[in-house]
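First residue of the sequence shown? That's 26 in the working numbering, and the numbers climb one at a time after it. Idealized CB from N, CA, C, for every residue including glycine.
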Amino acid sequence: MFVVILAVSVVLSILLPIPAVVVDFLIIFNFAFSILILMLTILISKPTDFYVFPPLLLLATIYRLSLNIASTRLILTSASQAFGAGLVIFTFGTMLTNQNLIVGSILFLILITVQHLVVTSGAERIAEVRARFALDAIPGRQLSIDADLSSGLITINEAYEKRKAAAVEQEFYGTMDGATKFIRGDATVAVISVIVNSLVGLLIGIGQDKLPIGQALETYTILTIGDGLASRTPALLLSVATGFLITRSRVKTR
Numbered sequence: 026m027f028v029v030i031l032a033v034s035v036v037l038s039i040l041l042p043i044p045a046v047v048v049d050f051l052i053i054f055n056f057a058f059s060i061l062i063l064m065l066t067i068l069i070s071k072p073t074d075f076y077v078f079p080p081l082l083l084l085a086t087i088y089r090l091s092l093n094i095a096s097t098r099l100i101l102t103s104a105s106q107a108f109g110a111g112l113v114i115f116t117f118g119t120m121l122t123n124q125n126l127i128v129g130s131i132l133f134l135i136l137i138t139v140q141h142l143v144v145t146s147g148a149e150r151i152a153e154v155r156a157r158f159a160l161d162a163i164p165g166r167q168l169s170i171d172a173d174l175s176s177g178l179i180t181i182n183e184a185y186e187k188r189k190a191a192a193v194e195q196e197f198y199g200t201m202d203g204a205t206k207f208i209r210g211d212a213t214v215a216v217i218s219v220i221v222n223s224l225v226g227l228l229i230g231i232g233q234d235k236l237p238i239g240q241a242l243e244t245y246t247i248l249t250i251g252d253g254l255a256s257r258t259p260a261l262l263l264s265v266a267t268g269f270l271i272t273r274s275r276v277k278t279r
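Dropping the structure here:
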């Protein structure tokens, strides 16, 4: 049911304009959700305890993309109004730029680069390797379980639980390998969104809203940085959570 509601919400966010107040609330919820997921990945004892993480990662990515579309529409259509793109986006933009557009732009580019080239790429590579190793280790683990069962070291029920755990682990890392591809795609869309918001927004501000070049540049740069920061920070938290989860040892310490 939740997946259906999310799918309908994504379609509506693409087709219909969303008020700035609603976008502010959705951005705050995105932050809270990402922080919660990161905390859960830190608190669990082994990766497979959080077996719902891959679908959660997919849902969070789709949610963030729909939110990105909604915020881009606000920036391109309501930037000339006071807080037209939302208070949260404007606050993030002014906070990072701190009255200096060049410094703010550089810091924002560094953030995108770190997420795209370091965290996301690293998490994707680790997930791919873990999935491959988990799959290759299945025959050896099955033989080991059969040998322990034949020698009487474990019971039939214990052998069943070990086989089940091996299958769950292989499925988990295989799903994680696919889920990390969505993170990379999301990071790529974020770069495209930044280019659209800045360049197209500048053209709209000068040509349609008749703003001076300096004012249009300042307005759309601040909003672009604010939108990117409000979108990329939760994405960075989820990327870190992904990397932290798949680099955890599968052995449960006592």
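Assuming residue i contacts residue j (C-beta within less than 8 angstroms), just tell me the rounded distance between them.
| i | j | result |
| --- | --- | --- |
| Val214 | Ile137 | Incorrect: roughly 12 angstroms between the Cβ atoms, too far for contact. |
| Phe117 | Gly251 | 4 angstroms |
Buried or exposed for residue i, please, with buried defined as at least 16 other CB atoms from any protein chain shown within 10 angstroms of its CB.
| i | result |
| --- | --- |
| Gln195 | buried |
| Val193 | exposed |
| Gln106 | exposed |
| Met120 | exposed |
| Asp161 | exposed |
Alpha carbon to alpha carbon, what distance is there between residue j and residue i?
| i | j | result |
| --- | --- | --- |
| Ser96 | Lys189 | 44 angstroms |
| Thr154 | Ile229 | In the sequence on display, residue 154 carries Val and not Thr. Using only the alpha carbons, I get a separation of about 46 angstroms. |
| Gly129 | Asn222 | 16 angstroms |
| Ala104 | Ile271 | 41 angstroms |
| Val276 | Thr249 | Residue placement at Val276 is poorly supported in this model, since its pLDDT is 48, which falls under 50; the coordinates still yield a value, given next. Rounded to whole angstroms, Val276 to Thr249 spans 44 angstroms at the Cα level. |
| Ala152 | Leu101 | 37 angstroms |
| Thr267 | Thr205 | 8 angstroms |
| Phe58 | Leu224 | 31 angstroms |
| Val47 | Ser38 | 11 angstroms |
| Val219 | Gly253 | 7 angstroms |
| Thr145 | Leu40 | 30 angstroms |
| Lys71 | Gly111 | 40 angstroms |
Which of helix, strand or coil does DSSP assign to residue i?
| i | result |
| --- | --- |
| Pro237 | coil |
| Ser70 | coil |
| Ser169 | helix |
| Thr180 | coil |
| Gln106 | coil |
| Arg273 | coil |
| Ala162 | coil |
| Pro259 | helix |
| Gly111 | coil |
| Val154 | helix |
When you compare the region 232-248 with the region 157-170, are there three or more beta-carbon pairs, one atom per stretch, that lie closer than 8 angstroms? The region 232-248 is not in contact with the region 157-170.
Is the number of C-beta pairs between the region 257-264 and the region 61-78 that are closer than 8 angstroms three or more? Yes, the region 257-264 is in contact with the region 61-78.
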